[in-house]
Ligand SMILES: Cc1ncc(COP(=O)(O)O)c(C=O)c1O
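Chains as they are written, first to last, in the working numbering: chain A, 1 to 370; chain B, 371 to 772.
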């Protein structure tokens with residue numbers, strides 16, 4: 001196969017590319033330049049897409065003896081990931097940009113271009129497994145390393161995208177990948193993993209949103225609407241957040257208060273006790289199916305965060321593009337905008353974007369804001 | 371990799387000549403610092419000075435006019451900054467730098483740097499759609515206030531589109547006002563007749579690896595009476611303009627390469643021009659809507675004989691590069707990279723090309739080892755490659771819907 005290996009400059013994608021070469025594929029390495037101004041990130045310790053990362057990726061490709069190119073996807077990334085991220089927060093939702101990037105950049109813009117250029121597959125260093133289902137179909141499964149499993153952020157891939165995806169690290173433990181990198185002489189063997197949101201180099205999401213959206217002061221209220229304090233912008237708060245609320249007085253019952261709801265349009269942040277955070281069902285929109293779309297009722301598990309615990313769940317479609325997921329064990333602090341990914345054992349069935357949540361303490365669904 | 375390679379990127383660097391390799395390796399085995407007074411030093415010094423004399427003779431200069439450097443980039447920096455600082459020191463009013471808009475980054479960036487850091491006032495001289503500098507604009511700029519001009523810098527021939535600049539007009543315009551002229555002749559040497567004295571230039575940049583010499587060595591040819599403020603201070607080598615222990619093997623190689631390429635030029639210029647014309651015809655035959663950038667005449671006085679530069683509408687230059695590379699054909703987009711990301715070429719933009727066409731461009735450049743087989747390989751590959759790249763180009767402009 002002709003394989004295009006996306007090489008971020010990190011250890012995982014370097015070893016993934018190396019394994020693709022070992023497997024006998026004709027591999028070309030590509031570094032995706034996603035930052036609008038890579039030079040400005042020259043000294044950024046975190047994130048990806050700095051000049052150092054491009055150089056590290058090139059060094060790895062040279063060592064593997066494969067051609068290497070840099071593709072400028074900054075425009076695409078800005079429009080499809082960064083602006084989406086800001087708009088989602090502005091609307092009071094909590095997006096996952098990695099998921100968006102996989103959906104719209106890595107396995108869309110990059111994959112499409114690769115296919116047009118004559119490649120058969122795109123290879124990345126994601127920890128997830130693609131398993132042959134026997135009848136030509138391919139299934140997406142959790143990685144062997146539960147601590148690194150990234151199937152959640154790949155839950156947006158469709159069956160066609162999976163046909164052309166190669167994840168050579170799916171059955172390996174992270175520690176073994178580092179060791180293998182060392183054995184292969186890859187200089188990135190000891191390079192720290194990137195964390196956080198790659199386009200927010202200093203890790204300060206609230207500051208990034210403040211710069212993007214400007215100040216929008218408003219009130220922090222309790223469930224009854226009593227004003228407890230002020231904030232500089234509702235988007236800086238996330239459902240489930242406890243710290244940094246800046247509420248001087250303790251709650252009347254003495255229990256800690258959490259963010260229950262964020263309404264940027266009304267500039268309102270609602271807080272309350274932890275048990276009010278429990279969610280027993282979510283309504284999902286924009287479903288994406290990794291295999292055949294859901295038919296009848298689904299029994300399996302659901303995961304609501306990249307590193308969240310899966311919980312037993314039941315799901316059914318309510319229309320072509322909506323579904324209800326009953327969480328058989330309540331999940332704390334679910335925000336609209338997050339993805340709900342459905343699993344049948346280790347197999348990813350599909351995903352949807354949470355539009356509304358049903359709290360354990362209420363009978364009615366709370367609307368997400370549009 | 372087993373794909374046979376077709377090298378069409380001689381403007382980036384060209385293979386070292388066999389005789390140069392001999393000279394360089396032989397000299398690398400020999401001990402000697404050309405500044406030392408003992409026998410080993412004297413032997414090295416003799417090699418350096420003979421190299422200087424031979425290089426000067428080949429380029430129509432006097433030996434004392436040759437300043438060896440670490441390459442074209444350093445020579446360009448020395449000329450631009452050194453001239454600016456010296457001229458400014460002599461008369462503080464001289465803050466204007468007149469430079470063509472199509473200079474190589476080795477000139478472009480020092481000029482910008484002078485503007486940012488040393489209050490130079492830069493005027494970028496416009497070019498016509500073929501990339502030829504507008505001499506009338508230069509004359510007007512000079513005449514506006516001749517006493518405030520520190521220097522004029524206009525390259526001999528452009529590295530991207532191959533356009534040869536009207537240097538004698540540039541020189542006479544500047545000299546009417548007593549303003550010195552520097553020219554980057556890195557691409558011209560070996561491809562065109564180059565004679566420093568006849569050109570009337572005050573300073574001229576030469577690079578080793580573009581003429582079959584070693585990498586990392588070059589020279590600034592500069593008239594004796596022209597003052598330069600040095601960039602490198604130290605041991606006082608190269609008449610105190612460029613300190614640093616002389617790289618005897620590299621200098622010997624540079625000189626041998628310049629001599630050989632200048633000797634061959636009358637014949638090789640014709641040969642390369644004919645080969646290039648075949649290449650242009652083959653590409654336009656396979657891709658009828660390809661646009662040949664630069665001067666279409668192909669006349670040696672107007673275009674480098676080894677240069678062909680095209681835009682392929684609907685394609686991304688880096689897609690073309692990837693696809694050609696996979697077929698063993700090596701060329702370049704000709705423009706500078708930042709973090710490996712191709713920027714729309716400032717040369718094409720100055721020539722009036724839109725960003726689309728600028729990004730869709732590719733340079734093929736021929737040199738002393740180029741053959742008919744190279745052109746034939748490209749002729750076979752370019753049609754299918756452009757077709758594929760167009761598919762990818764369409765894909766990439768389509769926006770993913772939510
Ligand atoms: C016109 C021109 N000037 C200067 C240079 C830089 O020369 P060097 O690579 O020797 O530093 C080049 C080479 O890329 C060039 O083409």
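Backbone N, C-alpha and C define an ideal beta-carbon position, used for all residues, glycine too. Remember, it's a predicted structure, so these values are computed and weren't measured experimentally.
query	result
Exposed or buried, what is residue 715(B) when buried is set at 16 or more other beta-carbons lying within 10 Å of its beta-carbon?	buried
Measuring only from the beta carbon, is residue 557(B) closer than 6 Å to any heavy atom that is part of ligand 1?	yes
Cβ atoms of residue 409(B) and residue 618(B): under 7 Å apart, would you say?	no
Residue 40(A): buried (16+ other C-beta within 10 angstroms of its C-beta) or exposed?	Note that residue 40(A) scores a pLDDT of 44, beneath 50, so its modelled location is shaky and nothing firm can be said.
Please classify residue 60(A) as buried or exposed, where buried requires at least 16 neighbouring CB atoms within 10 angstroms.	buried
On the three-state DSSP scale, how would you describe residue 385(B)?	coil
In terms of alpha-carbon separation, which member of 340(A), 76(A), 333(A) lies closest to residue 322(A)?	340(A)
For residue 152(A), list the residues DSSP reports as bridge partners.	Bridge partners of residue 152(A): none, in fact.
Between residue 624(B) and residue 35(A), what straight-line distance do the alpha-carbon atoms span, to the nearest angstrom?	41 Å
Leaving out five residues on either side along the sequence, give the residues of the same chain with a beta carbon under 7 Å from the beta carbon of residue 747(B).	376, 699
Is it buried or exposed for residue 396(B), if we count other Cβ within 10 angstroms and need 16 for buried?	exposed
Fully enclosed by the segment 587-663 of chain B, which beta strand (DSSP E) runs are 3 residues long or longer?	588-592
What residues from chain A crowd round residue 758(B), counting only those whose CB sits closer than 8 Å?	116, 117, 118
Would the C-beta of residue 126(A) count as close to ligand 1, meaning under 6 Å from any of its heavy atoms?	no
I'd like to check one pair, residue 564(B) with residue 674(B): are the Cβ atoms closer than 7 Å?	no
What is the DSSP secondary structure of residue 312(A), reduced to helix, strand or coil?	strand
Rounded to whole angstroms, what is the Cα-Cα separation between residue 541(B) and residue 522(B)?	9 Å
Once DSSP output is grouped into helix, strand and coil, what is the label at residue 334(B)?	Only positions 371 to 772 of chain B appear in this structure, which leaves residue 334(B) out of reach.
Using beta-carbon positions only, say whether residue 350(A) and residue 310(A) come within less than 7 Å of one another.	no
Output, in chain order, the set of chain B residues within a Cβ distance shorter than 9 Å of residue 28(A).	692, 695, 696
Is there a Cβ from chain A that is less than 7 Å from the Cβ of residue 642(B)?	no
Measuring CB to CB, does residue 382(B) end up less than 7 Å from residue 638(B)?	no
Between the segment 229-246 of chain A and the segment 125-135 of chain A, do three or more beta carbon pairs fall short of 8 Å?	no
Going by DSSP in three states, residue 537(B) sits in which element: helix, strand or coil?	helix
Using the three-state DSSP reduction, which class does residue 433(B) fall into: helix, strand or coil?	helix
Going along the chain, which residues of its own chain have a beta-carbon closer than 7 Å to the beta-carbon of residue 752(B), five neighbours each way excluded?	653, 656, 657
By DSSP, does residue 675(B) sit in helix, in strand, or in coil?	coil
Secondary structure at residue 575(B), three-state DSSP: helix, strand or coil?	strand
For residue 44(A), is the classification buried or exposed, using 16 other Cβ atoms within 10 angstroms of its Cβ as the cut-off for buried?	The predicted model places residue 44(A) with a pLDDT of 39, which falls under 50 and marks its position as unreliable; any figure quoted below should be read in that light. So residue 44(A) ends up on the buried side.
Does the beta-carbon of residue 354(A) have 16 or more other beta-carbons within 10 angstroms, so that it is buried, or is it exposed?	buried
At 9 Å on the CB atoms, spell out the chain A contacts of residue 688(B), in chain order.	69, 70, 71, 72
So if DSSP puts residue 339(A) in a beta bridge, which residue, or which two residues, is it bridged to?	353(A)
Since residue 276(A) and residue 260(A) should fall inside the 8 Å C-beta cutoff, what is the C-beta to C-beta distance between them, to a whole number of angstroms?	6 Å
Pick out whichever of 329(A), 264(A), 183(A), 243(A) has its Cα sitting closest to the Cα of residue 214(A).	264(A)
Just the Cα atoms here: how many angstroms apart are residue 717(B) and residue 191(A)?	39 Å
Taking 7 Å as the limit between beta carbons, can you name the residues of its chain near residue 46(A), skipping five residues before and five after?	Bear in mind that a pLDDT of 42 at residue 46(A), under 50, signals an unreliable position, so the model cannot answer this.
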